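*Asks:* 416 is the number of the first residue of the sequence shown in my numbering; add one for each residue after it. Cβ coordinates follow ideal geometry from the N, Cα and C atoms, glycine included. Because the structure is a prediction, the values reported are computed rather than measured.
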Amino acid sequence: MTINSNDEQKAKNSALIRDLALVGIYPSEAAIAAGHPDSHVSAATIETAVRLVQQLGGTVLQHPIVPGNPAMGTHLLVYDLDGNVVPNRVHVF
């Protein structure tokens, strides 16, 4: 079974999207929201990561933290090239 170059590129881009979500978007968003004192990130960090995800073909959408109740706040969810959500496993203590 051979993988064509389009499939290889799609896999590489999806991996980059996951990395950007897990390293650049989710932790930054959590640190800013929590006012974490060790955080050296800014909204510009998140904006740059979101732009890179979009350039790679991924999607970033805002979702309510409490489903159906956006008044409780929103958070970003990142979707890869297959439309799967990149799981947010970031916890701020």
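Determine the closest residue to residue 505 out of 499, 490, 496, 495, with distance taken between C-alpha atoms.
*Replies:* Nearest of 499, 490, 496, 495 to residue 505, Cα basis: 490.
*Asks:* For residue 426 and residue 419, I'd like the C-alpha separation in whole angstroms.
*Replies:* Cα to Cα, the separation comes out at about 11 Å.
*Asks:* Am I right that residue 493 and residue 432 are in contact with their C-beta atoms under 8 Å? What's the rounded C-beta distance?
*Replies:* With 8 Å as the limit, residue 493 and residue 432 qualify as a contact, their Cβ atoms being about 7 Å apart.
*Asks:* What separation, rounded to the nearest whole angstrom, lies between the Cα atoms of residue 473 and residue 438?
*Replies:* The alpha-carbon atoms of residue 473 and residue 438 are separated by roughly 15 Å.
*Asks:* Return yes when the Cβ of residue 440 is within less than 8 Å of the Cβ of residue 461, no when it is not.
*Replies:* Going by C-beta atoms, residue 461 is nearer than 8 Å to residue 440.
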